[in-house]
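Counted from 1, the sequence shown has number 321 at position 321 by UniProt numbering; the numbering is strictly sequential.
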Amino acid sequence: MTIPLFYYHASIYPLKRVSHQAICTSKLENLNLLSLRAVWLYLALLCLPCLAQEQPAPQAEQLLQQALLLGNLQYQITPASTTAEQLVRDPAQFHSFRPLSGRQATLRLNEQQVLWLLIKVSNPYPESWQAMLYYPFLPADRISFYQLQPEIPSVKLLGKSGSLLPYSERALPLRGYSQPIQFKANEQHSYLLQIQDAALLGTQVKLGTLPILMAEEQQQLVGEALLTGALLLLVIFTLAIARAHRNPAYISLALFYLCFALVLSVLNGLGFSLLWPTYPELNPVLLYISVGLCLLALTHYCRLTLLRQSGSWARLLNALATASALLLLFSPLYADGELKLKLLFSCVSLTLSLCIIQALLVSLTTNLAGAPRYALLSTLATLCLLLVQARHLAGFADWLNPGLLLLVAITALALPQPRPN
């Protein structure tokens with residue numbers, strides 16, 4: 001019987017066994033290193049498709065799937081007295097248009113100014129085509145669509161819209177502002193958009209067909225309807241808790257959620273299209289009134305729940321928050337244009353900051369039962385109000401609707417459960 005060589009050496013020289021184990025260990029390390037390199041190579045091969053830049057589809061194919069956000073826009077801000085004919089016929093003024101950067105999603109204006117957007121659109125199809133210019137910024141007061149006629153030079157008025165005009169006068173039943181445009185085969189046109197508002201204006205313009213725009217708006221309505229329905233259910237649930245616990249503070253919280261639903265309907269255009277379609281004069285004032293009512297209801301909720309065992313500092317903070325809410329609530333009576341927008345941002349920031357500070361102060365310095373829960377509810381209500389305004393006034397972050405639904409759900413879980421009868 002033949003004994004393997006390494007067993008023989010191990011029986012005579014014990015140190016050889018250690019050397020052999022070292023050799024085996026070295027082989028195993030080399031094998032592990034090779035395996036690790038193979039894994040890294042495999043992961044690198046998997047990442048190659050991700051690193052390769054995907055070539056964008058042609059514009060004609062993209063327009064069949066979604067509305068396109070137009071790029072290469074040019075803008076200028078002129079006095080409100082400037083007409084479209086004056087702008088086009090004055091070469092110096094017409095060549096004052098500047099490229100619009102991607103960071104300029106919104107622009108600040110005053111009552112004496114007007115925003116002009118210059119857009120060039122070409123037909124990507126070899127046959128005639130009818131499309132829609134769509135301006136999605138809902139708070140705009142007035143917007144006019146013009147088609148340039150450079151051979152004259154002159155402009156042709158296509159249509160007017162805006163939040164100060166009745167909803168029934170819109171070219172299409174869309175919450176945004178749209179204008180039908182027509183092209184012949186391989187034709188290109190230039191358009192002017194005259195947009196006027198006393199505070200803030202968006203600068204995004206979309207191009208698409210009517211079925212695509214209607215489908216996208218219906219998708220947006222689903223999320224906003226879910227959020228509005230969740231808020232109304234939260235109102236009912238809070239009223240049930242107020243009755244079960246015999247606590248009037250929850251009535252103020254239910255009023256906050258109701259006013260919050262009104263703020264949402266003003267910002268997303270549902271209130272204008274469904275509740276007051278023939279009264280456009282309500283649009284400039286209802287936002288400030290509804291936000292002021294939200295803040296007033298929130299401060300009253302904090303007063304009823306957190307001030308029973310609190311000190312003078314918490315009472316002073318609540319008084320300042322209430323004064324700020326009242327200042328915004330009655331702002332349409334004494335403020336106008338840009339001043340109202342500044343009051344909106346400043347009063348919202350001040351009131352909500354004071355409510356959070358007050359809630360944290362009371363929950364940390366008193367033994368009030370349920371104070372941490374009240375502080376959590378005040379904070380969640382604050383985040384909801386801030387997010388909904390950021391979503392609709394800044395024109396960004398479409399993912400905020402699911403975030404708002406999550407905050408509403410957490411708020412419902414933070415509420416105490418009603419006692420059984």
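Backbone N, C-alpha and C fix where the C-beta goes; we use that ideal spot for every residue, glycine too. Note that this is a predicted model, so its numbers are computed, not measured.
Between C302 and A359 the beta-carbon gap is near 6 Å, inside 8 Å, which marks them as a contact.
For A249, the enclosing alpha helix (DSSP H) covers residues A249 to N268. The continuous beta strand (DSSP E) containing P79 extends over residues Q74 to P79. A residue is called buried once 16 or more other Cβ atoms fall within 10 Å of its Cβ, and L364, having fewer, is exposed.
Under the Cβ criterion (8 Å, minimum of three pairs), the segment 265-285 does not count as touching the segment 246-255. Beyond the five residues adjoining it in sequence on each side, G159 comes within less than 6 Å, by CB distance, of F145, A171 and Q179 in the same chain, given in chain order. Given a length threshold of 4 residues, each whole run of the alpha helix (DSSP H) inside the segment 274-316 is given here in chain order: 283-306. When secondary structure is reduced to three states using DSSP, P124 falls in the coil class, being assigned neither helix nor strand. If the five residues before and after L287 are omitted, its C-beta is found closer than 6 Å to the C-beta atoms of V266, all from its own chain and listed in chain order. For Y167, same chain residues with a beta-carbon under 6 Å away, outside a window of 5 residues either side, are F272, S273 and P277 in chain order. 7 Å or more divides the Cβ of A323 from the Cβ of T299. Here DSSP, grouped into helix, strand and coil, assigns L115 to strand. The beta carbon of Y177 lies closer than 6 Å to those of Y135, I143 and S161 in the same chain, with the five residues before and after it left out. V222 sits exposed, since fewer than 16 C-beta atoms from the chains shown fall within 10 Å of its C-beta. When C-alpha distances from C259 are compared across V235, R243 and A242, the shortest belongs to V235. Every unbroken stretch of the beta strand (DSSP E) spanning 3 or more residues and falling wholly within the segment 167-250 is given here in chain order: 177-183, 188-196, 200-202 and 206-208. Nearest in C-alpha terms to Q147, of all of H95, L157 and A140, is L157. Around the beta carbon of P139, a 10 Å sphere encloses 16 or more other beta carbons of the protein chains shown; the residue is thus reported as buried. Its chain contains E111, Q112, Q113, V114 and Q196 as the residues whose beta carbon lies nearer than 8 Å to that of A80, once the 5 sequence neighbours on both sides are disregarded; these appear in chain order. For A359, the uninterrupted alpha helix (DSSP H) run begins and ends at E338 to T365, by DSSP.
Residue burial is scored here from C-beta neighbours: I181 has at least 16 other C-beta atoms within 10 angstroms and is therefore classed as buried.
Straight-line spacing of the CA atoms in E187 and L193 works out to 20 Å.
Taking C-beta atoms under 8 Å as the contact rule, L344 and V291 qualify, at a distance of about 7 Å. Excluding residues up to 5 positions away in sequence, S310, W313, A314 and L317 lie with their Cβ nearer than 8 Å to the Cβ of L361 in the same chain.
In chain order, V88 and R89 place their CB closer than 7 Å to the CB of P153, counting only its own chain and leaving out the 5 sequence neighbours on each side. By the criterion of a C-beta distance shorter than 8 Å, I410 is surrounded in its chain by L380, once the five residues flanking it on both sides are discounted. Under the three-state reduction of DSSP output, P139 falls in the coil class, being neither helix nor strand.
Bounds of the alpha helix (DSSP H) holding L333 are S331 to Y334. Residue state for S101 is assigned as coil, using DSSP reduced to three classes. In the DSSP annotation of this structure, L164 is not part of any beta strand (DSSP E), being labelled neither H nor E. Contact check for W116 and T83: beta-carbon distance about 11 Å, past the 8 Å limit, so the pair fails to qualify. Judged by DSSP secondary structure, L107 falls within the beta strand (DSSP E) whose first and last residues are T106 to R108.
Residue environment: P150 is assigned as exposed (fewer than 16 neighbouring CB atoms within 10 Å of its CB, all protein chains considered). Its chain contains S290 as the residues whose beta carbon lies nearer than 6 Å to that of L262, once the 5 sequence neighbours on both sides are disregarded; these appear in chain order. A Cβ-Cβ distance of about 6 Å is found for the pair E217 and L174, placing them in contact under the 8 Å criterion. Taking the C-beta atoms as reference points, L201 is found no nearer than 7 Å to L118.
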